[in-house]
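Visitor: Just so you know, the sequences run in chain order V and R. Our numbering numbers the first residue of the first sequence as 58 and each following residue consecutively. Our numbering numbers the first residue of the second sequence as 58 and each following residue consecutively. Below is a structure I'd like to ask you about.
2 protein chains.
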Amino acid sequence: MPRTQFTIALPDWCAVWLEERPAPCVTPQQRMRLVVELAQRHVDRQTGGPFAAAVFDATSGRVVSLGLNVVARSGLSIAHAEIVALSLAQGELQSFDLSAGASAPLQLVTSAEPCCQCYGAIHWSGIRSVVCGARASDVRQIGFDEGDKPLDWPDHLAARGIAVQQDVLREDAVGVLRRYAEQGGLIYNPAGRPAAG
Amino acid sequence: MPRTQFTIALPDWCAVWLEERPAPCVTPQQRMRLVVELAQRHVDRQTGGPFAAAVFDATSGRVVSLGLNVVARSGLSIAHAEIVALSLAQGELQSFDLSAGASAPLQLVTSAEPCCQCYGAIHWSGIRSVVCGARASDVRQIGFDEGDKPLDWPDHLAARGIAVQQDVLREDAVGVLRRYAEQGGLIYNPAGRPAAG
């Protein structure tokens, strides 16, 4: 019989790192600052792709969960930062619907605009708002593919009651992407390469 | 510190069930027959949503992995059948890219057309072809939401070298959906309900 379960885990350093952060993060900028620092640490430690995310209690600014791109270390293509952060938040709240399980609305803050997969996952997560740093064009600039999602994706999510704020500390988020590219980080699923290639 | 890992597992009965199946499955119809039976068993045992999938070695017809919708039992909104099957196949092959890790092209067979999240995940999985049973319209018919994906999504995937075949044993796959609805199965993320609702 083939295997019947899989696990996705953050690198061990994350727990200590978060304990050392000042809490809580009240503004979108403060939240993005934490997420960009998390992405930068991930790149510096070479523990994965240059993408980080976190779920916050939108009222108190408390960190509910962290997320990092751990595709390479987990061997799983779904393990993008947003998927990890949303799933860990659902684990924390013991509910597959973050809009039902939380005492306050929850917000996903991600260092880069979600790809087509994470855009889809946001639909089902129960998250109530999304804050993004780098744009998909910035991500493509260093060679990653982002897949096909509607150009007006923020409007699609807004129509479902999920507010999207873009370009928060965009330059800082782009700086992490550039650093990763400069140090020769792995670009899996590169843009322009057909999946069959 | 919030939790740092999560696990998604198939129900225990799957291993025994697969051992009792005739192997291998050579045609798309034989593969879909296995997947529809898997979905039906899942509904009968009330272990989750009425969706199943499997990854096959496209040449030999060997089952590489199974997938079931285990959103409710795992408490994770990403846990759709396609995500589970693709991730378990990647675990089996120890590669996040099924096009690189396999000795033969791999095929995803799913009892219902992928939602927007699973459509995105297919991009990054390395799967080389997709075979679908029920249509999104059939899934919506019993109340589930499918999210926003391009109407011409098979063409988008084809442009990336991923062939899509639709309507294989569609009526049988729809039968499982109807059975689930008739027995009052949980419809989470219902169509027409805004995520903020």
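All C-beta atoms, glycine included, are put in the ideal place defined by N, C-alpha and C.
Rounded to the nearest angstrom, what separates residue 193(R) and residue 95(R) at their Cα positions?
Guide: 19 Å
Visitor: Which residue wins for smallest C-alpha separation from residue 226(R), given the options 205(R), 169(R) and 152(R)?
Guide: 169(R)
Visitor: Going along chain V, which residues have a C-beta under 7 Å from residue 140(R)?
Guide: 135
Visitor: Between residue 126(R) and chain V, is any beta-carbon pair separated by less than 8 Å?
Guide: no
Visitor: Can you tell which of 78(R), 71(R), 101(R) and 178(R) has the C-alpha that lies nearest to the C-alpha of residue 246(V)?
Guide: 178(R)
Visitor: Relative to the C-alpha of residue 126(V), which candidate in 143(V), 118(V) and 113(V) has its C-alpha closest?
Guide: 143(V)
Visitor: Less than 8 Å between the C-beta atoms of residue 224(R) and residue 207(V), yes or no?
Guide: no
Visitor: Can you list, in chain order, the residues of its chain whose CB lies under 6 Å from that of residue 88(R), leaving out five sequence neighbours each side?
Guide: 82, 113 and 166
Visitor: Run through DSSP, which three-state label would residue 65(V) get?
Guide: strand
Visitor: What does residue 233(V) touch in chain R if you count any residue whose Cβ is under 8 Å from its own?
Guide: Taking a Cβ-Cβ threshold of 8 Å, none of the residues of chain R is close to residue 233(V); the smallest such distance is about 20 Å.
Visitor: Which same chain residues, not among the five before or five after residue 147(V), have their C-beta less than 6 Å away from its C-beta?
Guide: 153
Visitor: Please state whether the Cβ-Cβ distance between residue 111(V) and residue 120(V) is less than 8 Å.
Guide: Yes, Cβ-Cβ distance for residue 111(V) and residue 120(V) is below 8 Å.
Visitor: Taking Cβ-Cβ distances below 8 Å as the criterion, which residues of the stretch 110-122 of chain R are in contact with chain V?
Guide: 120, 121 and 122
Visitor: Which residue from 212(R), 229(R) and 228(R) puts its Cα closest to that of residue 221(R)?
Guide: 212(R)
Visitor: Kindly provide the ranges of any alpha helix (DSSP H) runs that are 4 or more residues long and lie completely inside the stretch 172-221 of chain R, ordered along the chain.
Guide: 173-182, 193-198 and 210-216
Visitor: Do the CB positions of residue 174(R) and residue 181(V) come within less than 8 Å of each other?
Guide: yes
Visitor: Helix, strand or coil: how does DSSP classify residue 154(V) here?
Guide: coil
Visitor: Going along chain R in order, which residues have a C-beta closer than 9 Å to the C-beta of residue 241(V)?
Guide: Chain R residues near residue 241(V): none, gap ~19 Å exceeds 9 Å.
Visitor: For residue 87(R), name the three-state secondary structure that DSSP assigns.
Guide: helix
Visitor: List the DSSP bridge partners of residue 109(R).
Guide: Note: residue 109(R) sits in a beta bridge opposite 125(R).
Visitor: Once you ignore the five residues that flank residue 102(V) on each side, which residues in its own chain have a CB closer than 8 Å to its CB?
Guide: 68 and 70
Visitor: If we count the other Cβ atoms within 10 Å of its Cβ and call it buried at 16 or more, is residue 73(V) buried or exposed?
Guide: exposed
Visitor: What three-state label does DSSP hand residue 229(R) in the structure shown?
Guide: helix
Visitor: Determine the chain R residues that contact residue 205(V) at a beta-carbon separation under 7 Å, and present them in chain order.
Guide: 207 and 213
Visitor: Expressed to the nearest angstrom, what Euclidean distance is found between the alpha-carbon atoms of residue 230(V) and residue 107(V)?
Guide: 9 Å
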